[in-house]
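Numbering (my numbering), first residue to last: 27 to 194.
Below: the structure, in structure tokens.
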Amino acid sequence: MPRASQIPAPGRRARAAETATPGRRVRATESPAPGRRVRGSRSGRPIMALLDLLGRRWALRILWELRDATLVFRALRARCDAMSPSVLNQRLGELRDAGIVALVPDAGYTLSREGIVLLHALAPLQGWATRWADGAPRPDATRVPAAAVTSASSRRRARPLRRTRATP
């Protein structure tokens with residue numbers, strides 16, 4: 027049975043969704059971190075924590091706006107289409123907890139070294155997204171038939187996947 031502090035007041039939603047996990051509850055408002063269970067995954071794998079963090083509303087936009095400049099809170103908010111200050115504050119806190127964004131006293135928010143490395147790691151996605159948006163098929167694009175994919179839980183030895191040329 028939930029404690030009284032966990033029950034939202036009538037007509038109000040709970041502040042943070044909680045996911046039941048053995049031995050520990052994970053609040054949706056916690057900053058994702060490697061080794062910690064995150065929304066959509068119980069594995070605690072670092073990639074899942076990163077995808078959870080970057081998938082949160084406005085997170086990628088904040089990184090994008092900080093790519094070339096150090097910005098104070100108001101300037102960053104203005105560049106992010108005047109998002110609510112509470113959401114911006116929460117995202118900045120999560121990105122700072124993850125070591126992606128840093129707060130420089132008397133200067134504002136900037137990407138940390140890890141944030142810059144992350145931005146460089148995401149750069150190939152920009153090229154892919156541009157090609158995808160243009161609808162141009164890649165000459166080396168191949169299609170793997172669904173029947174050729176075996177599940178990881180399969181007990182028999184997986185056969186190599188055969189690649190076939192995508193048909194235009």
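Glycine is no exception: its CB is placed at the ideal position from the N, C-alpha and C atoms.
For residue i, the residue or residues it bridges with in DSSP
{"i": "L121", "result": "Paired residues: none, contrary to the question."}
{"i": "C127", "result": "First, the residue type needs correcting, since residue 127 is Val and not Cys in the sequence shown. Note: V127 sits in a beta bridge opposite L137."}
{"i": "L144", "result": "For L144, which the question treats as bridged, DSSP gives no partner whatsoever."}
Chain-order list of residues whose beta-carbon lies under 6 Å from that of residue i (same chain, five-residue window excluded)
{"i": "G134", "result": "T96, L97, V98"}
{"i": "G49", "result": "In this prediction, G49 has a pLDDT of 44, which is less than 50 and means its spatial position is unreliable; what the coordinates show is noted afterwards. Nothing meets the Cβ criterion."}
{"i": "P58", "result": "V64, A75, D78, L79"}
For residue j and residue i, the rounded distance between their alpha carbons
{"i": "V52", "j": "V64", "result": "Here V52 scores only 46 on pLDDT, less than 50, and its place in the model is too uncertain to base an answer on."}
{"i": "C106", "j": "A147", "result": "22 Å"}
{"i": "M74", "j": "P131", "result": "31 Å"}
{"i": "G81", "j": "L92", "result": "17 Å"}
{"i": "L76", "j": "P60", "result": "8 Å"}
{"i": "D78", "j": "L151", "result": "17 Å"}
{"i": "T47", "j": "P72", "result": "Only weak support exists for where T47 lies, its pLDDT of 42 falling under 50; the value from the coordinates is given anyway. Spanning the two alpha carbons is a distance of roughly 18 Å."}
{"i": "I126", "j": "W154", "result": "23 Å"}
{"i": "A209", "j": "A159", "result": "Lying before the first or after the last residue shown, residue 209 is absent from the chain, which here runs from 27 to 194."}
{"i": "E56", "j": "E120", "result": "8 Å"}
{"i": "A85", "j": "R62", "result": "19 Å"}
Closest residue to residue i among the options (Cα-Cα distance)
{"i": "A104", "options": "I88, G70, A147", "result": "I88"}
Residue-level contact to chain C via CB, residue i, 7 Å cutoff
{"i": "H146", "result": "Of the chains in the structure shown, none is chain C; there is only one protein chain."}
Other residues of its chain near residue i: CB distance less than 8 Å, five sequence neighbours each side excluded
{"i": "S138", "result": "G125, I126, V127, A128"}
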